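Trainee: Please read through the structure below; I'll follow up with questions.
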Amino acid sequence: MRKRLVAGNWKMHGGIEQNRDLLSKIVAGTMEIDKATCAVCVPYPYLSQVHSFLKDTHISWGAQNISQYDKGAYTGEVSAMMLNDFSCRYVIVGHSERRTLYGEDNCTVARKFKAALDAGLVPILCVGETLDQREAGLMEQVVSEQLDAVIELVGVEVLADSVLAYEPIWAIGTGKTATPQQAQDAHIFIRKRIASQNPTIAAELQILYGGSVKANNAVELFAMSDIDGGLIGGAALLADDFVSICMAANN
Ligand code: PEP
1 MRKRLVAGNW KMHGGIEQNR DLLSKIVAGT MEIDKATCAV CVPYPYLSQV HSFLKDTHIS
61 WGAQNISQYD KGAYTGEVSA MMLNDFSCRY VIVGHSERRT LYGEDNCTVA RKFKAALDAG
121 LVPILCVGET LDQREAGLME QVVSEQLDAV IELVGVEVLA DSVLAYEPIW AIGTGKTATP
181 QQAQDAHIFI RKRIASQNPT IAAELQILYG GSVKANNAVE LFAMSDIDGG LIGGAALLAD
241 DFVSICMAAN N
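So in our numbering, the last one in the sequence shown is 251, and the numbering has no gaps at all.
As C-alpha cells, this is what we get:
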C-alpha cells in the first residue's frame with residue numbers, strides 16, 4: 001500500500017523567527033502521525049535552520065529547486081549535491097512557477113530530475129496544465145509531454161525513487177481546487193500512462209495533488225484512491241492548517 005505524503009512548499013516565504021514558530025507547531029501537532037510522511041520544502045537560506053530543527057523529529061525536509069548542473073560557473077545556482085550537506089530528502093522540480101516565471105522547459109526539468117536522483121535526493125516532479133489547456137481538452141497531452149521528457153532521459157524504472165505531483169496551474173494559489181473527481185481522473189491518467197511501461201512502478205508511485213489544498217478540502221481529496229497526499233502552498237504557512245492536512249493524510 002502506498003504511504004501518503006504531505007509536503008509543504010513554502011515558496012519565497014519565511015524568516016528565522018517565523019520559521020521557528022511554524023516548525024515547532026508542526027512538530028508538536030503531528031506527533032501522533034504514523035501512517036503518513038510530512039515534509040517541508042523551504043527556501044535555501046533556511047535549510048541550515050530546518051536541518052538543525054528537524055533532524056531528530058519525524059518531519060522530513062527539502063528544497064524547492066536545483067540546478068541541472070553539478071558545479072561550475074553558474075552564478076546564483078544551487079546544486080543537488082549541496083542539498084546533501086543539509087540532509088535534504090526531497091527537492092521539488094518543475095514547479096509551474098519555475099516553468100512559467102523562469103522559463104524552465106520540459107528538457108530542463110528532466111535534467112533537474114536526473115540531477116536530484118544522481119545526488120540521492122527524492123525529486124517531487126510537478127506536472128499540470130493551464131486553464132486554457134484544460135478548456136481546450138489538452139490536459140492529457142500536456143501532462144504526457146511533461147512526463148515523457150523525464151522518462152526519455154532517465155527511464156521509467158527510476159520513477160520508483162521519486163514522487164509525482166499533479167498540479168493544475170489554474171488551481172495553484174487561486175483558491176480554486178480541482179474537484180476530487182477531476183484530480184482523481186488526472187491521477188488515474190498519469191498512473192495508467194506509467195503502467196503502460198511498468199505496472200509495478202505505477203502501482204507503487206506516490207502521486208500527490210497540489211492546487212489550493214486546504215484544511216477544509218483535504219479529507220475529500222485524500223479519500224480518492226489515486227491521490228497519495230498533497231503538495232501544499234499557502235496552507236503550509238499556517239501551522240494549524242498544515243497540521244490538519246497532515247492529519248487528513250494519516251486517516
Ligand atoms: C504549490 O505551490 O505547489 C501549491 C499547490 O500552492 P497552493 O496550495 O497555494 O495552491
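Just so you know, even glycine gets a beta-carbon here, dropped at the ideal spot from N, CA and C. Every value quoted in this text rests on a predicted model; they were computed, and no experiment measured them.
Looking at C-alpha atoms only, which residue of Ile-232, Asp-226, Gly-120 and Ser-52 is the closest neighbour of Ala-171?
Mentor: With distances taken between Cα atoms, Ala-171 lies closest to Ile-232.
Trainee: Name the residue from Ala-7, Ile-66, His-51 and Glu-17 whose alpha carbon lies nearest to the alpha carbon of Ala-115.
Mentor: Closest by alpha carbon: Ile-66.
Trainee: Per the contact definition of three or more C-beta pairs closer than 8 Å, is the region 235-247 in contact with the region 193-203?
Mentor: Verdict: no, contact absent.
Trainee: When DSSP builds the beta bridges, which residues end up paired with Thr-37?
Mentor: For Thr-37, which the question treats as bridged, DSSP gives the partners Leu-5.
Trainee: Just verifying my parser: in three-state terms, what is the DSSP assignment at Tyr-209?
Mentor: The answer is strand: DSSP assigns Tyr-209 an E or B state.
Trainee: Comparing C-alpha positions only, which one of Met-82, Ala-73, Tyr-69 and Gly-72 sits nearest to Ser-62?
Mentor: In the sequence on display, residue 62 carries Gly and not Ser. It is Met-82 whose Cα lies nearest to the Cα of Gly-62.
Trainee: With a threshold of 16 other CB atoms inside 10 Å of the CB of Thr-177, please say whether the residue is buried or exposed.
Mentor: Buried, since its Cβ has 16 or more Cβ neighbours within 10 Å.
Trainee: Give the straight-line distance between the Cα atoms of Phe-86 and Gly-76, rounded to the nearest whole angstrom.
Mentor: Rounded to the nearest angstrom, the two C-alpha atoms are 18 Å apart.
Trainee: Provide the residue(s) that pair with Pro-123 in DSSP beta bridges, ordered along the chain.
Mentor: Per DSSP, Val-91.
Trainee: For Leu-153 versus Ala-110, is the C-beta spacing smaller than 8 Å?
Mentor: Yes, Cβ-Cβ distance for Leu-153 and Ala-110 is below 8 Å.
Trainee: Any heavy atom of the ligand PEP closer than 7 Å to the beta-carbon of Val-213?
Mentor: True, at least one ligand heavy atom lies under 7 Å from that Cβ.
Trainee: Just the C-alpha distance for Val-156 and Glu-145, rounded to the nearest angstrom, thanks.
Mentor: Rounded to the nearest angstrom, the two C-alpha atoms are 14 Å apart.
Trainee: Are the beta-carbon atoms of Cys-38 and Asn-9 separated by less than 8 Å?
Mentor: Not a contact, by the Cβ cut-off of 8 Å.
Trainee: Pro-45: which of Ser-225, Ser-60 and Gly-15 sits nearest, CA to CA?
Mentor: Measuring from the Cα of Pro-45, the nearest candidate turns out to be Gly-15.
Trainee: Give, in chain order, every unbroken run of the alpha helix (DSSP H) that is at least 4 residues long and sits entirely within the region 158-240.
Mentor: Whole alpha helix (DSSP H) segments, 4+ residues: 180-195, 199-204 and 218-222.
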